[in-house]
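Protein chains in written order, with the working numbering: chain A, 1 to 341; chain B, 1001 to 1341; chain C, 2001 to 2341.
First the structure, in the form of C-alpha cells, and then the observations on it.
Here's what the structure looks like:
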C-alpha cells in the first residue's frame, strides 16, 4: 500500500509542506528508509531530521524551521502519526468463513461475514455478529454475545452468558467471566458462593493478553465503552469501570469496586474491595488504593528505590517511625518549655 | 426451578416466619423481583426491606423487627443465602460423553460418567474419574489423575504426572505443573535444573483463572484440601499450602515456602522463598512477607496512599529516614545534657 | 536409565571417592532410596549424610570428611548435581510427526523431525525447525519462525511475524507478540496506535507459564540469548533485555525499557517505562525501579513487614514524614542557637 503525502494530508485533515512524495509505511526516525513517514513529538528528536532517510515527517509547525523534509503539520503529531499508521496498515476485515476444524454448536448463531478460526469452539446459544473474528483455539461459552467487528485473538476464553460489545479487541489467554472469588466460612471449611452474575463489556474496549475479568456474584461486572485494559490485569467480581478509563499492566482491582470515567492507572496498581474512585483520577504505578477517592487528581503510594545497603537502613527505621514521631514531639515540648523559661 | 420458602427452610435447617411463598431464585436486594430471595448481612441494608420487590429475605432474627416480608431466620445470613443460591442454581453434574473432536490417548482412562468437551486433549496414562468435566481446549498431560466430580473449565493446562483431587474447580488459563524456576550459573550462562517433582492438589480446591502452580524440583508442590486460590496467583516450586488456606488474586509465593492451615492472604501479597508461615495467619493486601512467621496474627507492609504531591515529599524523606533517626538521637542527647546541666 | 558412579564422574568431569555403585536417579537427601544420587550444597545438610538411604552424594571435598558414602567431588555441587539430574532424565528429543488433529497451513514449513501435537495450529508462512516441539492447542501465527530444538508446551500463543530462537523452552499460556499498550487521546476517546513491530527471542531462552511479551510499536521487542523469565511476567513493547538476564515471577517491565546483560531481578519487580538499567544489576523482590540505573549493584525499595497493629501506626506517620523532617530541622536550629548563646 502506497499513498501520496498530499493525499495522506487530505485524509488526515492536516496541512503539508515541501515536495509531494509517495509514502509506503511509517517508521522510527532512526530506522526509516525511503518511502517511510516518521514523526517527532518531542523537541529532542528534531536533531535526527537532518540524518533520517525517511521521505516525510509529521511534526508541529514550530519544530520544522529549516527542515527540508516534506512534512505533515499537525497540532498533535503523535495522534496524526498514529492515524497515518492505521491508514497504511489496515486491519483486514473478517470476510467470513468457518474453519472446518472449528466446533460450532447447532443453535449458535454466526454471521456470514464473521470468521471462526481453526479449533475454535462456539457453544450453544452464542451469537457472533457481523465481521467479528474468533481466533484459533478460542472458546465462546453458552449464550455469549459478541458484537460487530470485534476481534478475539487465539486461545481466549469467554464463559457462558457474557456480553462483548462492538469493535472490541481481546488478546490471547484472556479469561472473561470466570467465577468471582466468594466463599463463606462454614464450620471448618469454606462454602462457595455461587457466582450468578455476568460480565458485560461495552464497545471499543481493548483487553490485553492474560487479563482476567470475573463474573458478578448477583449483579454483573461492567466494563464501559472505550475502556483500555493492558496485559495481566485482574478485575474482581461486580467491579464497574466507567467509559474511557485506561488501566496499565498487572493492576489488580478487587471485588465491588466502582471506578469512574477517564481515569488513568499506571502499572501494578492495586485497588482494595468495596471502594469508589471518581472520574478523572490518575493513580501512579504501584500504588495501593486503600480507600475511596472522591476528588479528581493524582494519587500515589510506595517508597522510592535506593541502593540496597541504604534502603535496608531506612526500611528498618520505618518500623520505628511512630516511636520517632513520639520522641520528636517530646523534644518539641521540652524545647518549648526551655523557651518559655 | 422453584421451591416453597417453607421447604427451603427445611433444607437449610433454619426457621422461617411470615406467609409461605414460592422462591425462584436469589437476587440483590435492590434489584430483586417477585419470586426472589434476598439477604441482609449488615444493618445498613435493613432500610431496603421496605422497598424491595423480593418475595422473601434471609436475615438474623433481631434485624427483622417490623419486617412484613416472609423471612428465613439464620445465625449467618450470608452462609444460609449462599446455600440457598446453590440449591436454586444446581451445577448440572457431568453425565458423560466424549466430544468427537476431543483427542483421547488410547491408554488414557476416562470414566463413563466423565465429560470431555470439544478439542480437549487427554494424554496417555491419564485418568479422569467419575462425573468430572474437562473443558474445551483443556490439555491433560501424561499420567495425570483427576479425581471425582472435578470441573476443569476451558483452556486449562495440566502438565504430566500431576494429581488433582475430587470436587475441585479449576478455571480457564490455569497452568499446573510447569517447570519451577531453577538455574545454576555455569561460567557465562545458566544451566537449567531439571524439575522432576510433581504438583499434588487435594480435594475441594478452587483455582482461579490464569493462576500458575509450578512442579517441584525433586519433591512435590503440595496444595492441601479446601484451599482456595484466586486469579493470577503464582505458586513456586516445592511450595506447600495447608488445608483451607485462602489466597487472594495476584499473590506471588516464591519457591520452597511452607504455608500453614486456615491462613488468609489479601490480594497482591508476595512471599519470599524458603520461609515458613504458621497456621491461622492473616496477611493484608500488598504485603511482602520477608521472613518466617511463627505466631498467628495479622501482618502488613506497604505505605498508605496520598495525593501525589504530598506523597512525593514524604517518599523523598524515606531515603533520609536513617539520617533523621540519627539526628533525632543526637538532639535527645543534647536535650538530656541540657536538663542535666 | 542406570549409570555407574564412576562413569557419571567421567561424564561430569569430576573426581569420585568410595566404592563404585549404580545410580538410577537423583533425589532429595531426606527422601532418597537405594540407587539415588543426592547433594549437599550447604554445611547444615551434612548431618543428613549418616542417615540418607542414597547410594552416593555430590559434595565439596572438605564437607566429606568421615563420609563413607560414595561421592562425586565437585567445586559447585549444585551445578554438578543439576548436570547429573539432566543426564539421568534426558528430555526425549522430538522425533517428528504431525498429529492428525493439528491444523497446518499449506504454505507453513514444518521440519520432518519436528513434532506438532494434537489440536495445535500452525499458520501460513510459519516455519518450525528441526527437532522442535509444538504442544497441544498451541497456536503459531503467520510467518513465525521457531528455531531448532525449541519446546513449546501446550496452549501457548505466538502472534504473527515473531521470531523464537533455538533451544528455547516456552511454558503454557505464554503469549508472545500481542499488541503493545499504546493509545493517543483523540478528543473524548483513545485512538489505538498500531503495533507494527515484532518480538524477537534469542537462543537458550526459557519463558515461564502465563508470561506475556508484547510486540513493538515501530521497532521490535528483543529478548537476548540465555534470558530466563519466570511465570506471570509482563514485558511491554519495545523492551530490550540483554543476554543471560534472569527475571523472577510476577515482574512487570513497562514499555521501551532497556535492561542490560547478567541482571538478576527478584519477584514482583516493577520497572517504569522509558528507562535503562545497565549490566550486572540486582533488583531485590518487590522493588519499583523508578529511574535509570547506570551503576552495577543491588537496588531495593518497599517497606518491611510488621504486625498489622504496629504497621498501621508507622504507616500513618509516613504521611507526615516531610512534616517530621521540617520539625526536626527546626529543633536542630533551636538547639544550635541554644549552644551558641
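Every residue gets a Cβ at the ideal spot worked out from N, C-alpha and C, and that includes glycine.
Item: Hey, is the segment 2144-2157 of chain C in contact with the segment 2167-2178 of chain C, meaning 3+ C-beta pairs nearer than 8 angstroms?; Value: yes
Item: Is there at least one Cβ from chain A nearer than 8 angstroms to residue 1026(B)'s Cβ?; Value: yes
Item: Who are the near neighbours of residue 43(A) in its chain, counting only those whose CB is closer than 8 angstroms to its CB and skipping five residues on each side?; Value: 63
Item: Let me see if you follow: with CB-CB separation under 8 angstroms, is residue 2262(C) close to chain A or not?; Value: no
Item: Which residues in chain C have a C-beta closer than 8 angstroms to the C-beta of residue 97(A)? List them in chain order.; Value: Correct list: empty, because the minimum Cβ distance to chain C is about 14 angstroms.
Item: Any beta carbon of chain A sitting closer than 8 angstroms to that of residue 1048(B)?; Value: no
Item: Taking the beta strand (DSSP E) that residue 2221(C) falls in, what are its first and last residues?; Value: 2221-2223
Item: Find the residues of chain B that neighbour residue 117(A), judging by a C-beta separation of less than 9 angstroms, and give them in chain order.; Value: Under the 9 angstroms cutoff, chain B gives no residues; its nearest Cβ is about 12 angstroms from residue 117(A).
Item: Have a look at 80(A), 211(A), 68(A), 195(A) and flag the residue whose alpha-carbon is nearest the alpha-carbon of residue 2190(C).; Value: 80(A)
Item: Does DSSP put residue 1050(B) in a helix, in a strand, or in coil?; Value: helix
Item: When we look at the beta-carbon of residue 269(A) and count the other beta-carbons within 10 Å, is it buried (16 or more) or exposed?; Value: buried
Item: Please give me, in chain order, every unbroken run of the beta strand (DSSP E) with length at least 3 that falls completely inside the segment 2052-2099 of chain C.; Value: 2056-2059, 2071-2073
Item: Using the three-state DSSP reduction, which class does residue 1206(B) fall into: helix, strand or coil?; Value: strand
Item: Could you give the distance in angstroms between the alpha-carbon of residue 2068(C) and the alpha-carbon of residue 1196(B)?; Value: 27 angstroms
Item: Determine, using beta carbons only, whether residue 252(A) and residue 2234(C) come nearer to each other than 8 angstroms.; Value: no
Item: What separation, rounded to the nearest whole angstrom, lies between the Cα atoms of residue 1018(B) and residue 1073(B)?; Value: 11 angstroms
Item: Would you check if the segment 2202-2221 of chain C and the segment 2169-2188 of chain C touch, i.e. whether three or more CB-CB distances between them fall below 8 angstroms?; Value: yes
Item: State the Cα-Cα distance for the pair residue 2198(C) and residue 2133(C), rounded to the nearest angstrom.; Value: 22 angstroms
Item: When we look at the beta-carbon of residue 1015(B) and count the other beta-carbons within 10 Å, is it buried (16 or more) or exposed?; Value: exposed
Item: Could you tell me the distance, in whole angstroms, from the CA atom of residue 1023(B) to the CA atom of residue 1013(B)?; Value: 16 angstroms
Item: Please list the terminal residues of the continuous alpha helix (DSSP H) segment that includes residue 2009(C).; Value: 2005-2011
Item: So which residues of chain A does residue 2110(C) contact, with C-beta pairs closer than 7 angstroms?; Value: None at all; the shortest Cβ gap to chain A is about 15 angstroms.
Item: For residue 192(A), which beta-bridge partners are listed by DSSP?; Value: 183(A)
Item: Flag residue 1351(B) as yes if its beta-carbon sits less than 8 angstroms from any beta-carbon of chain C, otherwise no.; Value: The structure shown does not extend to residue 1351(B), since chain B is modelled only from 1001 to 1341, so the question has no answer here.
Item: Could you tell me whether any Cβ in chain A is nearer than 8 angstroms to the Cβ of residue 1306(B)?; Value: yes
Item: Tell me which same chain residues have a C-beta within less than 6 angstroms of the C-beta of residue 1152(B), skipping the five on either side of it?; Value: 1134, 1135, 1138, 1170
Item: Using Cβ-Cβ distances below 7 angstroms, what residues of the segment 2174-2203 of chain C are close to chain B?; Value: none
Item: Can you give me the start and stop residues for the beta strand (DSSP E) that residue 200(A) sits inside?; Value: 199-201
Item: Taking the Cβ atom as the reference point for each residue, do residue 214(A) and residue 179(A) lie within a distance shorter than 8 angstroms?; Value: yes
Item: CB residue 2244(C) to CB residue 2261(C), shorter than 8 angstroms?; Value: yes
Item: Using 8 angstroms as the Cβ pair cut-off and three pairs as the minimum, do the segment 2048-2057 of chain C and the segment 1324-1333 of chain B touch?; Value: no
Item: Could you name the residues of the segment 1033-1048 of chain B whose beta carbon sits closer than 9 angstroms to any beta carbon of chain C, in the order they occur along the chain?; Value: none
Item: Report yes or no: do the segment 1099-1107 of chain B and the segment 1121-1132 of chain B share at least 3 C-beta pairs separated by less than 8 angstroms?; Value: yes
Item: Enumerated in chain order, which unbroken segments of the beta strand (DSSP E) with a length of 3 residues or greater are wholly contained in the segment 1292-1336 of chain B?; Value: 1297-1300
Item: Return the bridge partner residues of residue 1110(B) from the DSSP annotation.; Value: 1128(B)
Item: Report yes or no: is there a C-beta of chain B within less than 8 angstroms of the C-beta of residue 258(A)?; Value: no
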